[in-house]
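Each protein sequence line maps, in turn, to chains H and L.
Those letters in the first sequence? Residues 1 to 491, per full-length UniProt numbering, in order.
Those letters in the second sequence? Residues 1 to 261, per full-length UniProt numbering, in order.
Taking it in order: structure first as structure tokens, then the write-up.
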Amino acid sequence: MVRCSLAASQLGVALEMPAAEASALAKQHHQYRLQIETHDPAADREMLERLARWCGLFSPAILPEEGEEPEALLMDVTGCELLFHGERKLADRLLARFRRRRLTARVAIAETMGCAWAVAHFGLPDRSRASEGSWSLRSVRAGDSVPADAIVIPEGRGASALRPLPVEALRIPGEFLEVLGELGLTRIEQLEPLTFASLAERFGDPLVRRLGQAWGLVSEPLLPPEPAPPVHADWSFEEPVDSSQILQAVIEKLIEGIVALLQPRGEGILRLECHLHESSSQRDQWSIELVSPSLSLRHLTELLRLRLERSPLAQPVMSIRLLASKTAPLSVRQQSLFHEEEGGHDPYALGPLINRLRGRLGDRAVLRPRRQADAQPERACRFDPVKQIGKGRQGEFKPWSPGPRPLRLRSRPVPVEMISLVPEGPPVRFCWDGQEHFIRSVWGPERIETGWWRGSAVRRDYYQVETAQGYRYWLFRRLEDARWFLHGSFD
Amino acid sequence: MTLTWKQARSLEELRAELDRRAEVQPRTRGTISSGIGPLDRVLPGEGYRRGTLVEWIAPQGGSGATSLAWQVAPSVLREGASLVVIDPEEEFYPPGLATLGIDPSRLLVVRFPTKRRDAPPRQGRRQRSRRSRDDPRESEVVWALEQTLRCPAVGMTLASLESLESRSFRRLQLAAEQGGGVGVLLRGPTATKAPSWAEVRLRVEPKPSQGKVRRWRVELLKCRGAAGMTWEWERDRETGVVSLATQLAPPASRSFAAGAS
Chain H
1 MVRCSLAASQ LGVALEMPAA EASALAKQHH QYRLQIETHD PAADREMLER
51 LARWCGLFSP AILPEEGEEP EALLMDVTGC ELLFHGERKL ADRLLARFRR
101 RRLTARVAIA ETMGCAWAVA HFGLPDRSRA SEGSWSLRSV RAGDSVPADA
151 IVIPEGRGAS ALRPLPVEAL RIPGEFLEVL GELGLTRIEQ LEPLTFASLA
201 ERFGDPLVRR LGQAWGLVSE PLLPPEPAPP VHADWSFEEP VDSSQILQAV
251 IEKLIEGIVA LLQPRGEGIL RLECHLHESS SQRDQWSIEL VSPSLSLRHL
301 TELLRLRLER SPLAQPVMSI RLLASKTAPL SVRQQSLFHE EEGGHDPYAL
351 GPLINRLRGR LGDRAVLRPR RQADAQPERA CRFDPVKQIG KGRQGEFKPW
401 SPGPRPLRLR SRPVPVEMIS LVPEGPPVRF CWDGQEHFIR SVWGPERIET
451 GWWRGSAVRR DYYQVETAQG YRYWLFRRLE DARWFLHGSF D
Chain L
1 MTLTWKQARS LEELRAELDR RAEVQPRTRG TISSGIGPLD RVLPGEGYRR
51 GTLVEWIAPQ GGSGATSLAW QVAPSVLREG ASLVVIDPEE EFYPPGLATL
101 GIDPSRLLVV RFPTKRRDAP PRQGRRQRSR RSRDDPRESE VVWALEQTLR
151 CPAVGMTLAS LESLESRSFR RLQLAAEQGG GVGVLLRGPT ATKAPSWAEV
201 RLRVEPKPSQ GKVRRWRVEL LKCRGAAGMT WEWERDRETG VVSLATQLAP
251 PASRSFAAGA S
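This is the structure:
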């Protein structure tokens, strides 16, 4: 028995117990059946690495600890706590993330990696006293009496947290523990009066290094892991091919391969690049970008087809490479399902539509209007291309402008011929588009003077006018030369 | 088989209950309020049927018909669905929605940037200046509209279409049926003569305002059971509510009373 669950340890299952004995114990006393899996250190390690990637949103530097059989993840959160409003909140969110996956984890944040490791494994000193010093490495490993928890050691308190902990908390190999035990050195505080030099002489470097790392005297850099290389799939033709049908069939095959490679990683595609090597050593390349990660073969194939329609082949193609240059975990997508269950529509359901429209019409086809703090009507609204979708920010709806605004605005105001009875007086009728419009009612003016810092100052008096037939337009008079323009219509 | 009086009675009650439920059903599931009281009152199910097209016909810009068409948006947003505007002319101006009380945070606008074959689009710089203002091909607009209508997350799709082939029209209607949202088409006067696959077709003509209160004469050209109806509507300036025009001061032209058909 190498590891067991919390529930199993409560049944009396202990570590290093033969599996047969453990299952007999469980059956005999409690009518439970143990689920026993073969110990597979390689799979454990791989799982831990996956968990490390899965925690990547908390810090870029996160690694499984060194050693043959790592069982802890080390994370450098220096500076990252600012993004989570403090270390306590960061630790809680990290714990919550594990809990959502039904994983029991202990989180500790401290000044040094050694101190955090020690506290995560052995708890806070006052707790160890409460349990009558019964802490041993074995009981911790079995997982009993150590509930999932998040501990944050404030700055400057690392040493006092370390002192009462057993020497096992120093991450030192078993043979050192034995020697220390023989000498009666069981707690870290007992090592404190000894100088490093004498310790090194007696026990060798590893102990000194670990002790130094725990006290923060020896640095322990954590290098962020290399991101997984982007997945790609290649195809070379024996003869140059210029049939887009063949090309499409090949690309569909390649995308299948890419999807198969990404599936175990639990990642979806955000950007897919297609490199075409043409016969005359020329290259052509294009890419499709998705607004939410997808691994749906059908959707990706459709997007590629739309993109291919947009750019027909210029020259015969020798080889193709498809490259998933941007990927993201698909779990984001799964979380949105909960959102959907709560009622309301799933914002990610828009993803396939946006991808399709962008695929055929281009990246600047799907836009989201954004309010801008600018008095000039043309600049009061910005249209941003949709690159990613999430929950729409609601509740921050503010009126766009103080005055009435039309539903249709011309990007360039149209000059019109305006007739007034009195100069500078109210407008009576205007000519536009070969038609004469008699004005029945006028509301305004709304003076807009702005943009002098842009070098082209805008000075306009806006009027909302209604014609005799009941049509409403938005006109302005340019104050510099008193010329009239039609800017929009209240459609 | 004969029934006792009591059994017959409970059967009667069950039938009544069934009828009552059947009446409630379309209001909650099958239809969505148009946001216009007088229109809701005549439409079967008191609103636009989901998965259908609605046509608004107006003689020219500035008539206010678009703002009437937008009245359905608040009901759509309340359900958590999104709005999409197909805007090939690039003249749609979202600030104008504020007076209608529509929150643009769940609004997407689809435009048709002209393609450049040779040069890949540069992303850093904005290059709106040199873009040609040619109308994109009509087929692209219809394609985008069809795709949008088919998306279940979109509750309302709004597009202005001058000409529309009957076959494309039918395709749009099928797409709307699949997506379950409401497709709002803004059409010019020439559309009146063309056949329509829309479930509801309305013709709007502006009327001179009463003070600042906007008025329209609206004719229901097509609708199950209520076609041919004509009203005069007005929009309250403060609340934005569209109701039957008050008859306190009738305008100079002929006025049309409510309920006349």
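Glycine included, every Cβ here is placed at the ideal spot set by N, Cα and C.
Predicted, not measured: the structure shown is a model, and the values here were computed from it.
Check                                                                                                                                                                                : Outcome
According to DSSP, is Phe92(L) helix, strand or coil?                                                                                                                                : strand
So is Ser489(H) in contact with chain C if we call contact Cβ pairs under 8 Å?                                                                                                       : Absence of chain C from the displayed structure is noted, the protein chains being H and L.
Is the shortest distance between the beta-carbon of Thr246(L) and the beta-carbons of chain H less than 8 Å?                                                                         : no
Secondary structure at Thr246(L), three-state DSSP: helix, strand or coil?                                                                                                           : coil
Is it buried or exposed, Cys431(H), if we count other Cβ atoms within 10 angstroms and call 16 or more buried?                                                                       : exposed
Under the assumption that Ile320(H) contacts Leu300(H) (Cβ atoms under 8 Å), give the Cβ distance between them as a whole number of angstroms.                                       : Not a contact, Cβ separation roughly 15 Å.
With 8 Å as the threshold, decide whether the Cβ of Ser63(L) is near any Cβ in chain H.                                                                                              : yes
Once the 5 residues before and after His437(H) are set aside, which same chain residues still bring their CB inside 7 Å of it?                                                       : Arg429, Phe430 and Thr467
Does the beta-carbon distance from Glu69(H) to Asp44(H) come in below 8 Å?                                                                                                           : yes
Below 8 Å on the Cβ atoms is my guess for Arg358(H) versus Ala365(H); work out the distance and round it to an integer in Å.                                                         : 6 Å
Can you tell me the Cβ-Cβ gap for residue 528(H) and Ser287(H), rounded? I've got them flagged as a contact below 8 Å.                                                               : Residue 528(H) cannot be examined here, being either before or after the span of chain H that is shown, 1 to 491.
Scan the region 223-258 of chain H and note each continuous beta strand (DSSP E) run of 3 residues or more that stays entirely inside, going in chain order.                         : 231-241
Can you check whether the C-beta of Gly392(H) is within less than 8 Å of a C-beta belonging to chain L?                                                                              : Any answer about Gly392(H) is weak, because its pLDDT of 48 lies below 50 and its placement is not dependable; what the coordinates show is given next. Interface residue, yes.
Return the bridge partner residues of Val422(H) from the DSSP annotation.                                                                                                            : Paired residue(s): none; Val422(H) is not in a bridge.
Between the region 82-89 of chain L and the region 150-159 of chain L, do three or more beta carbon pairs fall short of 8 Å?                                                         : yes
Consider the Cβ of residue 521(H): report whether some Cβ of chain L lies at a distance smaller than 8 Å.                                                                            : Outside the shown range of chain H, which is 1 to 491, sits residue 521(H), and nothing can be said about it.
Give a yes or no on whether 8 Å exceeds the smallest Cβ distance from Tyr93(L) to chain H.                                                                                           : yes
Note down, in chain order, each residue of its chain lying with its Cβ closer than 8 Å to the Cβ of Gln285(H), except the 5 sequence neighbours on either side.                      : Glu273, Cys274, His275 and Leu276
Could you tell me which residues DSSP puts in a beta bridge with Tyr471(H)?                                                                                                          : Tyr471(H) is not bridged to any residue.
Of all the CB atoms in chain H, is at least one closer than 8 Å to the CB of Gln147(L)?                                                                                              : yes
CA-CA distance, Phe196(H) and Pro60(H)?                                                                                                                                              : 33 Å
According to a CB-to-CB cut-off of less than 9 Å, which residues of the region 151-180 of chain L neighbour chain H?                                                                 : Cys151, Pro152, Ala153, Val154, Gly155 and Ser160
Could you tell me which of Arg137(L), Phe169(L) and Ser163(L) sits nearest to Glu146(L), measuring between CA atoms?                                                                 : Phe169(L)
State the beta-bridge partners of Ala150(H) as determined by DSSP.                                                                                                                   : Val107(H)
Along the chain, where does the beta strand (DSSP E) containing Ile57(L) start, and where does it finish?                                                                            : Thr52 to Ile57
Spell out whether any CB of chain L is found under 8 Å from the CB atom of Arg298(H).                                                                                                : no
So, does the CB of Val110(L) fall closer than 8 Å to a CB anywhere in chain H?                                                                                                       : yes
Taking the alpha carbon of Leu290(H) as the reference point, which residue from Ser325(H), His121(H) and Ser311(H) has its own alpha carbon closest?                                 : Ser325(H)
Contact between the region 231-243 of chain L and the region 209-217 of chain L is defined here as three or more beta-carbon pairs at a separation below 8 Å; is this criterion met? : yes
I need the boundaries of the alpha helix (DSSP H) containing Glu87(H), first residue and last residue.                                                                               : Glu87 to Arg100
Which residue's Cα is closest to the Cα of Gly64(L): His487(H), Gly470(H), Phe476(H) and Trp484(H)?                                                                                  : Gly470(H)
Does the beta-carbon of Asp384(H) have 16 or more other beta-carbons within 10 angstroms, so that it is buried, or is it exposed?                                                    : exposed
Leaving out the 5 sequence neighbours to the left and right, which residues in its chain are closer than 7 Å to Thr186(H) when beta-carbon positions are compared?                   : Pro166 and Val167
Classify His299(H) as helix, strand or coil using the three-state DSSP reduction.                                                                                                    : helix
Quick one: using the 10 Å Cβ neighbour count with 16 as the cut-off for buried, is Val13(H) buried or exposed?                                                                       : buried
Using the C-alpha atoms, what's the distance from Pro154(H) back to Gly86(H)?                                                                                                        : 11 Å
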